[in-house]
Every structure is written in structure tokens, then in C-alpha cells.
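**Q** Start counting the sequence shown at 1; every next residue gets the next number (UniProt numbering).
Glycine included, each C-beta is placed from N, C-alpha and C at the ideal position.
I have a structure here, written as C-alpha cells, and I will follow up with some questions on it.
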Amino acid sequence: MTNDTRDKSGQITLTAGGAVLARMKAIGIDYIFANSGTDFPPIIEGLAEAAAKDIDLPNALIMPHENAAMGMAHGYYLATGKTQAVMAHTNVGLANCAIGAINAATEHVPVVLMSGRTPVMEKGRLGARTVPIGWGQEMRDQAALVRESSKWEYELKFPEQVPEVVDRAYAIASSVPKGPTYVSLPREVLCEPCPGDEIDGPLRMQPVPVAPPQASVEQAADILANAKNPVIIAQRGTGTAEAFGRFSELVDQWGIPVVQYWAIQLAIGTEHPMFAGMDPAPWLKDADAVVVIDCLAPWSPDIHTLRPDCKVVQIGQNPLYSRFPGRNFAADISLVGETGDVIMMLADAMDRRHADHAATCSDRRGKIATINAETRKKALAMADAGAVDPMTKAFVSRCLSDAIAGRAATVFSELGCPLEPLSLSEHGSWYQEPHSGGLGWSFPASMGYQLADKDKLVVATMGDGSYMFANPTACHQIAEALELPILILVLNNNEWGAVRQSVAGMYPNGYAAKTNEMPLTALKPSPDFTKVAEASRAWVAKAKRPEDLPGILLDAIKHIDTKRTHALVEVTIAP
1 MTNDTRDKSG QITLTAGGAV LARMKAIGID YIFANSGTDF PPIIEGLAEA
51 AAKDIDLPNA LIMPHENAAM GMAHGYYLAT GKTQAVMAHT NVGLANCAIG
101 AINAATEHVP VVLMSGRTPV MEKGRLGART VPIGWGQEMR DQAALVRESS
151 KWEYELKFPE QVPEVVDRAY AIASSVPKGP TYVSLPREVL CEPCPGDEID
201 GPLRMQPVPV APPQASVEQA ADILANAKNP VIIAQRGTGT AEAFGRFSEL
251 VDQWGIPVVQ YWAIQLAIGT EHPMFAGMDP APWLKDADAV VVIDCLAPWS
301 PDIHTLRPDC KVVQIGQNPL YSRFPGRNFA ADISLVGETG DVIMMLADAM
351 DRRHADHAAT CSDRRGKIAT INAETRKKAL AMADAGAVDP MTKAFVSRCL
401 SDAIAGRAAT VFSELGCPLE PLSLSEHGSW YQEPHSGGLG WSFPASMGYQ
451 LADKDKLVVA TMGDGSYMFA NPTACHQIAE ALELPILILV LNNNEWGAVR
501 QSVAGMYPNG YAAKTNEMPL TALKPSPDFT KVAEASRAWV AKAKRPEDLP
551 GILLDAIKHI DTKRTHALVE VTIAP
């Protein structure tokens, strides 16, 4: 900070609105995803004040909708591992943030979520109510909108609290298990001057690191090493690129199948000989040891039954997922910590045991690799068989896989391209929608990821319903404004396909399953989604026939590589 931020006594001074922003920059937050409102004058004045005084602040990005702000923060975290910040407008903006907060809480994504609070005073104080919504937006309990999704909440009461409140919100969000925190910012408080002597200091409240006791890791290693039919089920990846490589070596060495059931992130390459597909049923029925890596629901108790003697080891930031009232999966041993750290500890423990089991591992590996190769062959054959009119989602995945082959790419899917037909082998190459199901996630999350890595090819795939939930006009505006050259695939089947599948699963022989058009699922007539994208100058195309799709995807990627603007392909698929 420069000397012109000091008062006559030599102390640094800023308005509280400017101090909030300056403190965030000081502790390492680079962006604030913000949707402004009438509570923002002290924030906007703080931005202008900081610019005039040459104070370094986070880059405040204009978000036309709060769902996009939360989604972009989510995606930026996935790319960087850094805690993010979102700022919204009073209770109405916070309400729009609620879905994103639910998604972030479910997926352990650390976000410092802030929103203004309608002024308390009706007159007589700078920041008092000036427009009718000052009355209309007041709530008895504004924080209740996101309370169940927040690890901690607080309302800023005095300007001098800014450094400690920002530090606390950041530290708690960043502590394992990670997740959102919420701070309410009353307009009158933001207008007051804030002492600045602590604003640019180091973080005074460090996040809490967590690791499992070594004795528990050794117990888990004994269970896994001595099992005859072990299986690993992974949903949220391996945490780090280092752990991804180590995990791939571990399961190959030991001959352990890895099932990515309802995978959120990639834990093992889809061409890896130990990748056992997406269905845990064939493996669980004979398993005597199951290692669960960061899974909210590692199997379906209504469908899958474990052997009575089967031991279960659960790994993750919160292995028992204690935030969820009902989750009763066995956990003979729970290993809590950053997923990547725990995997590295377990791998080291397994290394010390391998010599005693080498022959068994080699024999098992050969048998499982043969089974998995056949499973992989069938999955790809099924995808190829989807080259019909209209084509299947699996076929679209197969074409996308061919189009991105040989280059660094990350695929986001929200009821879009399924994982199994894709050929992916790198950490961070796959993200699926959160298990909380807050739709409208893939589009903005992919933009957040692209913001962090402008050179990587980032692909957002989604169903037509998910695309509409994303507030696409807002998202396309952001993509153009921030020059984010993502590739968007909208897989259009003119319906809520997930709802249809759920109904057919519960009532396979019911009346709804027998109808041509199931009640409450159709999205007809379908909008022309390319027109929405064209409004923000995106490159667009429609793929109605399977033979046209490969060429269209290559053209879209070529446009992104050469013109560096975003592209949308609307793909007609089967129900």
C-alpha cells in the first residue's frame, strides 16, 4: 500500500467496503465473482478508492447472475485448489447463490460467500435506506438461506472487524472438510472508515490440516493386502496429480479393480487395465474388502449387498459425510484428511507389504485385466452402436474423445457426455455434476476452470434442461466478456431424461414407462439454442446426424484454437 492511504496520525485508512476487498487480496484471493446491487455503493466506492490510491485488490468480475458466480468459483477452485470468493446482493442475490452453495458444500469446495444486508437505519446515517427495496429485502434471518450449506456464518458489525472476520471466514472454509462460509455485510458498516494497519498483513488464522493416525493407515493396509477379492470404489478422484499417478501404480501392482460409480472426478484412466467400469455390482458380490475413496454414496443399498465378512475402509475429507442426516454405509476404518495425502500414506504402507503378496497380486492382476478389457470393449461397442438417427449420448462421448485425442483437455458433464466411452488418462480431465443435483453447473464451472487455464481446451457438455438452468444468456455474456474460449455441447433430447430414467427405474412396467411421452418430462417445443449463443457472437453449429458430428467437433475446436472465442454445438440425441 502507498503512503496516501494514511490519515494524519500515519495510520492506513480505508472504508470498510474497500478494506474487505484489500484484505482478501492480501490473503491470496485473486478474483471476486460479484453481482452488484443497491447495497454495493460502499463496495464500488472502495474499488474506486483503491484504484485511486494504488492499492492491490482482487479482480472483481461482473457476474450477470449469481448462479454463474457460484459455478465459476467452483470451477476455478477445481483448476487451482485455491479458496474462492463470491459477493451477492442482499437476500435476493443470496437466494440465487443457494444452489451453488449446496453444490459446493456437497463437493467440499471452499468458498467465502458474502452478501450485502439491507440497511438497518431508515435515516440519519450514511448508508441508510434510500429506495423501497431497503424495506422489502429485510429478513429476520437472512443467513438461513444458506445455513445448512455453510460451515460458519457471521454478520459484520463494526468496520474494525474486517481483517479478523475475513481471515476467519477464509480459514474455516479452507479447513478440512472444506466448504462454504458466509458473511453478511450491512451497508452502513461498509460505509464507515476502517483502520488499515492490519489489512495488508499475513493471514493470522491458518486453515486446520487433518491427517489420519498412522496406526489406522496400517490397519487399512493390512485389510487391503490380505484380501482375496478387494475392490476400490472412487467418486471424487484422488485429490492431486501426484496421488493420481501413485494410485494408478498401486492398483496395477496389487491387481485391484477400481470402479468409478457415479464419478464426479477421474480417479484412474479409462484405458487403465484396472479400470473396472461404472457398475460395482459384479465386484461387490464377492468382495471381502472395499476401499471407498471420497464417495457420498459408494453403492446402492437397495441393489447391492456386501458379504457379512466384508471389511470397508472409507477415505476422504469427511469419510462419514456427517453433514447428511441419513448415510449408513459401513466404515470399519475411516481415514480422514485431504484425499491425495491419505492415498499417498496408504500407498506407502502397501509398498511395505507387497513382497509378501507379489505372486497373488500378479495372478489376480492378469485375471482382472482380462475382465476389464472385455468390459471396456463392450462399452466402446455400445457407444459405436449409437451412431443412429437420433444418436445416443454414448456415441457423442465417443466422437468427443476422438476429437480431443492427443491434447490437454478437461471435460465437464452435466447430464451430458458419459465418462465410460471417453479415453482419459490425466488428473483433472473429467468433472461431473455434483451429487446434490443443483443444475446449471457445468457451463459456469467450465468457464471458471478456463479462467484459470486459458490455454487448455475446456469442454462443457450438458443436457438441454441443464443448459436452460444455467441461465445461458448470462453465461454466454460472461464467456464473451472474459474471452473464455470454451466448447459447449448441448445434448438435446427435448426432455428431462434423468426424470424419465428415474420413473422407468421405479415403475419399469408402469403406465408412464409405456407412454410415448411421459408426463412432466417433455421440453417441447425446444428452443433453438444456437440463437442464444449467437447473441453473444459465439461460433455455432447443429449436429443432427451422427455422420456429421465428428467433422463439426473438429471445426469447433479449430475455431477455438484460431479465433479464441467460445463455440456451441447443439446435438440432437435420442430420448
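With residue 565 and residue 538 assumed to form a contact (beta carbons below 8 Å), what rounded beta-carbon distance in angstroms separates them?
**A** One-based indexing of the sequence shown puts residue 565 at position 565. One-based indexing of the sequence shown puts residue 538 at position 538. Residue 565 to residue 538, Cβ: 7 Å. Contact.
**Q** Would you tell me roughly how many angstroms separate the C-alpha atoms of residue 550 and residue 398, rounded to the nearest one?
**A** Within the sequence shown, the letter at position 550 stands for residue 550. Within the sequence shown, the letter at position 398 stands for residue 398. Each residue's Cα considered, the two are about 9 Å apart.
**Q** Taking the alpha helix (DSSP H) that residue 76 belongs to, which residues open and close that run?
**A** Indexing the sequence shown from 1 puts residue 76 at position 76. It spans 66 to 80 - the alpha helix (DSSP H) in which residue 76 sits, taken as one unbroken run.
**Q** Report, in whole angstroms, the separation of the C-beta atoms of residue 361 and residue 393, which I expect to be a contact under 8 Å.
**A** What you label residue 361 is simply residue 361 of the sequence shown in a count that begins at 1. What you label residue 393 is simply residue 393 of the sequence shown in a count that begins at 1. The Cβ separation is near 36 Å, so there is no contact.
**Q** Taking all protein chains shown into account, do 16 or more other C-beta atoms lie within 10 angstroms of the C-beta of residue 553, making it buried, or fewer, making it exposed?
**A** For the purposes of this step, residue 553 is taken as residue 553 along the sequence shown, with counting starting at 1. With 16 or more other Cβ atoms within 10 Å, it is buried.
**Q** Using CA coordinates, which residue listed in 534, 493, 530, 532 is at the minimum distance from residue 517?
**A** The residue given as residue 517 occupies position 517 in the sequence shown. Cα-wise, what sits closest to residue 517 is 493.
**Q** Tell me whether residue 8 sits in a helix, a strand or coil according to DSSP, three-state version.
**A** Position 8 of the sequence shown, counting from 1, holds the residue named residue 8. The predicted position of residue 8 is uncertain, since its pLDDT is 45 and thus under 50; no value can be drawn from it.
**Q** Check for me: the beta strand (DSSP E) holding residue 88 runs from which residue to which?
**A** If you number the sequence shown from 1, residue 88 lands on position 88. Run containing residue 88: 84 to 88, per the beta strand (DSSP E) assignment.
**Q** Which one of 18, 229, 444, 91 has the shortest CA to CA distance from residue 200?
**A** Position 200 of the sequence shown, counted from the first residue, corresponds to residue 200. Out of 18, 229, 444, 91, 18 has the C-alpha closest to the C-alpha of residue 200.
**Q** Out of curiosity, what's the CA-to-CA distance linking residue 107 and residue 69?
**A** Residue mapping note: residue 107 aligns to position 107 of the sequence shown, counting from 1. Residue mapping note: residue 69 aligns to position 69 of the sequence shown, counting from 1. Their backbone Cα atoms lie some 17 Å apart in a straight line.
**Q** Assign residue 302 to one of two classes, buried (16 or more other C-beta atoms within 10 Å of its C-beta) or exposed (fewer than that).
**A** As a position in the sequence shown, residue 302 is number 302, starting the count at 1. Exposed.
**Q** Quick check on residue 49: buried or exposed, where buried means 16 or more other Cβ atoms within 10 Å of its Cβ?
**A** One-based indexing of the sequence shown puts residue 49 at position 49. It is buried - the Cβ of residue 49 has at least 16 other Cβ atoms within 10 Å.
**Q** My output table needs one value for residue 142: the three-state DSSP class, helix, strand or coil.
**A** Position 142 of the sequence shown, counted from the start, is the residue given in the question as residue 142. Looking at residue 142 - three-state DSSP - the assignment turns out to be helix.
**Q** Shortest alpha-carbon distance to residue 461 belongs to which of 238, 166, 124, 400?
**A** Counting from one through the sequence shown, the residue named residue 461 turns up at place 461. Cα-wise, what sits closest to residue 461 is 400.
**Q** Quick one: what's residue 461 bridged to in DSSP?
**A** The residue given as residue 461 occupies position 461 in the sequence shown. According to DSSP, residue 461 bridges with 413, 489.
**Q** Cα separation between residue 379 and residue 60?
**A** The sequence position of residue 379 within the sequence shown is 379, counting from 1. The sequence position of residue 60 within the sequence shown is 60, counting from 1. If I take the Cα positions, the gap works out to 45 Å.
**Q** Taking the alpha helix (DSSP H) that residue 477 falls in, what are its first and last residues?
**A** Position 477 of the sequence shown, counted from the first residue, corresponds to residue 477. Segment 472 to 481, the alpha helix (DSSP H) holding residue 477.
**Q** Under DSSP, the alpha helix (DSSP H) around residue 59 begins and ends at which residues?
**A** Within the sequence shown, the letter at position 59 stands for residue 59. No alpha helix (DSSP H) holds residue 59; the beta strand (DSSP E) holding it covers 59 to 62.
**Q** Residue 454 to residue 289, Cα distance in whole Å?
**A** In the sequence shown, residue 454 corresponds to position 454, counting from 1. In the sequence shown, residue 289 corresponds to position 289, counting from 1. Going from the Cα of residue 454 to the Cα of residue 289 covers about 42 Å.
**Q** Taking one C-beta from the stretch 181 to 200 and one from the stretch 105 to 121 each time, how about it: are there three or more such pairs within less than 8 Å?
**A** Yes, the stretch 181 to 200 is in contact with the stretch 105 to 121.
**Q** Mind pulling the beta strand (DSSP E) runs of 3 or more residues that sit fully within the stretch 25 to 57?
**A** Counting only runs of 3 or more, we get 31 to 34.
**Q** Starting from residue 373, follow the alpha helix (DSSP H) in both directions and report where the run begins and ends.
**A** Along the sequence shown, read from residue 1 onward, the residue named residue 373 stands at position 373. Its alpha helix (DSSP H) spans residues 358 to 384.
**Q** Could you check whether the stretch 78 to 95 touches the stretch 505 to 513, counting it as contact only if at least three pairs of C-beta atoms, one from each stretch, sit closer than 8 Å?
**A** Cβ pair count under 8 Å is below three, so no.
**Q** Roughly how many angstroms lie between the CA atoms of residue 575 and residue 458, to the nearest whole one?
**A** As a first step, residue 575 is located in the sequence shown; it is residue number 575 there, counting from the start. As a first step, residue 458 is located in the sequence shown; it is residue number 458 there, counting from the start. Each residue's Cα considered, the two are about 26 Å apart.
**Q** Kindly indicate the opening and closing residues of the alpha helix (DSSP H) around residue 264.
**A** Start at 1 with the first residue of the sequence shown, and residue 264 comes out as number 264. Unbroken run through residue 264: none, as it is neither H nor E.
**Q** Go ahead and pull the three-state DSSP assignment for residue 271.
**A** As a first step, residue 271 must be located in the sequence shown, where it is residue number 271. Reduced to three states, the DSSP call for residue 271 is coil.
**Q** Are the Cβ atoms of residue 176 and residue 208 separated by less than 8 Å?
**A** Numbered from its first residue, the sequence shown carries residue 176 at position 176. Numbered from its first residue, the sequence shown carries residue 208 at position 208. Contact flag set, yes.
**Q** Specify, as a first and last residue, the run of the beta strand (DSSP E) that residue 234 falls within.
**A** As a working mapping, residue 234 is identified with position 234 in the sequence shown. 230 to 234 is the span of the beta strand (DSSP E), which, as asked, contains residue 234.
**Q** Where does the unbroken alpha helix (DSSP H) through residue 188 begin, and where does it stop?
**A** Walking along the sequence shown from the start, residue 188 turns up at place 188. Its alpha helix (DSSP H) spans residues 187 to 191.
**Q** Count the CB pairs spanning the stretch 356 to 370 and the stretch 254 to 273 that are closer than 8 Å, and state whether there are at least three.
**A** Touching, yes.
**Q** If you follow the alpha helix (DSSP H) that residue 442 is in, where does it begin and where does it stop?
**A** In the sequence shown, the residue the question calls residue 442 occupies position 442. First-last of the alpha helix (DSSP H) with residue 442: 442 to 452.
**Q** Are the beta-carbon atoms belonging to residue 83 and residue 452 less than 8 Å from one another?
**A** Indexing the sequence shown from 1 puts residue 83 at position 83. Indexing the sequence shown from 1 puts residue 452 at position 452. The answer is no: Cβ separation not under 8 Å.
**Q** Would you kindly check if the distance between the Cβ of residue 402 and the Cβ of residue 545 is under 8 Å?
**A** The residue you call residue 545 lines up with position 545 of the sequence shown. The residue you call residue 402 lines up with position 402 of the sequence shown. It is not a contact, given that the beta carbons lie outside the stated cut-off.
**Q** Grouping DSSP H, G and I as helix and E and B as strand, with all else coil, what is residue 546?
**A** Counted from its first residue, the sequence shown places residue 546 at position 546. Looking at residue 546 - three-state DSSP - the assignment turns out to be coil, as it is neither helix nor strand.
**Q** Under the rule that 16 or more other beta-carbon atoms within 10 Å means buried, what is residue 433, buried or exposed?
**A** For the purposes of this step, residue 433 is taken as the residue at position 433 of the sequence shown. Buried.
**Q** Count the C-beta pairs between the stretch 363 to 379 and the stretch 347 to 354 that are closer than 8 Å, then say yes if the count reaches three, no if not.
**A** The stretch 363 to 379, when compared against the stretch 347 to 354, does not touch it at the 8 Å Cβ threshold.
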